[in-house]
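Enquirer: This is the structure I want to talk about, given as structure tokens.
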Amino acid sequence: MYFAALLARTEDGWEASDTELDDVETLSDLADLARESASEADDTVLVFIEQEDAWFGVVRVDGEEDPRVFVSNAAAAARSSYGELLLTDELLGREPKDEDDDLDALDLDGTEDGEPDAEEDDDADGSAVPAGPVGDAAILDDLGVSAKELLTLDEDALGEIAEALGASDVLETVR
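Residue numbers for the sequence shown follow the working numbering, so the first one is 1 and each next one is one higher.
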């Protein structure tokens, strides 16, 4: 089971709203959704995503800056459609995939019969996803959650983060 919420920091404190991610296809879409929830253009918005007992992710959007991302367990998140939103090539330290590479990789010599080549690995492009945390562990440092604390969170991590931010009540209202 998944949970996703937006926490927007306003002059009056944190405001939370639950959110549907069904129409979100990329990290840019998620960042745009976060910006839309902000009452002021330069407000900080946090997107919390959690798959029960498997992984959690935090995306931070500050105004028009690029989103910052932290994922607690990249391997678990990679098996999730919502996790795949967060696990960009940049976050995983990969070279961005060029769409032309897909066409170049096709073997169109007329001998294809849908069977993989014998020498082909399961991970032919070397894109293994690490089993641990990835991203910006210092994402919440200035908000009261140190990188060290973030890396040690597991059960109810989002609740603990919200408590440190002083936003546990507003987060619980959307849970």
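Beta carbons are placed, not taken as given, at the ideal position from N, Cα and C, and that holds for glycine.
Measuring only the C-alpha atoms, how far is Leu91 from Leu30?
Expert: Here the question's residue 91 lines up with position 91 in the sequence shown. Here the question's residue 30 lines up with position 30 in the sequence shown. Whole-angstrom Cα-Cα distance: 15 Å.
Enquirer: Looking at the secondary structure, which residues open and close the beta strand (DSSP E) in which Thr44 lies?
Expert: To locate residue 44, count along the sequence shown from 1; it is residue 44. 44-51 is the extent of the beta strand (DSSP E) around Thr44.
Enquirer: Would you call the segment 1-14 and the segment 34-49 in contact, with 3 or more CB pairs under 8 Å?
Expert: Touching, yes.
Enquirer: Can you name, in chain order, every residue of its own chain whose Cβ lies under 7 Å from the Cβ of Val61, other than the five neighbours on each side?
Expert: As a position in the sequence shown, residue 61 is number 61, starting the count at 1. The answer, listed in chain order, is Ala31, Ala34, Arg35, Val45, Pro67.
Enquirer: Would you call the CB atoms of Ala147 and Ala137 closer than 7 Å?
Expert: Translated into the one-based positions of the sequence shown, residue 147 becomes position 147. Translated into the one-based positions of the sequence shown, residue 137 becomes position 137. Yes.
Enquirer: With DSSP run on the structure shown, which of helix, strand or coil describes Asp12?
Expert: For this step, residue 12 is matched to residue 12 along the sequence shown. If DSSP states are grouped into helix, strand and coil, Asp12 belongs with coil.
Enquirer: So, with DSSP's three-state summary, where would you put Val134?
Expert: As a position in the sequence shown, residue 134 is number 134, starting the count at 1. Note: Val134 maps to strand in three-state DSSP.
Enquirer: Express the C-alpha separation of Gln51 and Ala76 in angstroms, rounding to a whole number.
Expert: Reading the sequence shown from its first residue, position 76 is the one you call residue 76. Reading the sequence shown from its first residue, position 51 is the one you call residue 51. Rounded to the nearest angstrom, the two C-alpha atoms are 9 Å apart.
Enquirer: Span of the beta strand (DSSP E) holding Gly57?
Expert: In the sequence shown, counting from the first residue as 1, residue 57 sits at position 57. That run of the beta strand (DSSP E) goes 55-62.
Enquirer: Report yes if the CB atom of Gly57 is closer than 7 Å to the CB atom of Leu86, and no otherwise.
Expert: Within the sequence shown, residue 57 is the residue found at index 57, counting from 1. Within the sequence shown, residue 86 is the residue found at index 86, counting from 1. Cβ atoms of Gly57 and Leu86: closer than 7 Å.
Enquirer: Please report the Cβ distance between Leu171 and Ala16, rounded to the nearest whole angstrom; I am assuming they are in contact, meaning their Cβ atoms lie under 8 Å.
Expert: As a working mapping, residue 171 is identified with position 171 in the sequence shown. As a working mapping, residue 16 is identified with position 16 in the sequence shown. With 8 Å as the limit, Leu171 and Ala16 qualify as a contact, their Cβ atoms being about 5 Å apart.
Enquirer: How about Asp43 and Arg9: do their beta carbons lie closer than 7 Å?
Expert: If you number the sequence shown from 1, residue 43 lands on position 43. If you number the sequence shown from 1, residue 9 lands on position 9. Contact flag set, yes.
Enquirer: For Asp18, list the residues DSSP reports as bridge partners.
Expert: As a position in the sequence shown, residue 18 is number 18, starting the count at 1. In the DSSP output, where bridge partners are listed per residue, Asp18 has Ala5.
Enquirer: Which stretch, first to last residue, makes up the alpha helix (DSSP H) that contains Arg35?
Expert: Stepping through the sequence shown from its first residue, residue 35 is reached at position 35. Unbroken alpha helix (DSSP H) run through Arg35: 27-37.
Enquirer: Return the CA-CA distance between Asp156 and Val59, expressed in angstroms with no decimal places.
Expert: Working through the sequence shown from its first residue, we reach residue 156 at position 156. Working through the sequence shown from its first residue, we reach residue 59 at position 59. Taking the straight line joining both Cα atoms gives about 17 Å.
Enquirer: Between which two residues does the beta strand (DSSP E) holding Val170 run?
Expert: Taking the first residue of the sequence shown as position 1, residue 170 is located at position 170. Unbroken run through Val170 is the alpha helix (DSSP H), 168-174; no beta strand (DSSP E).
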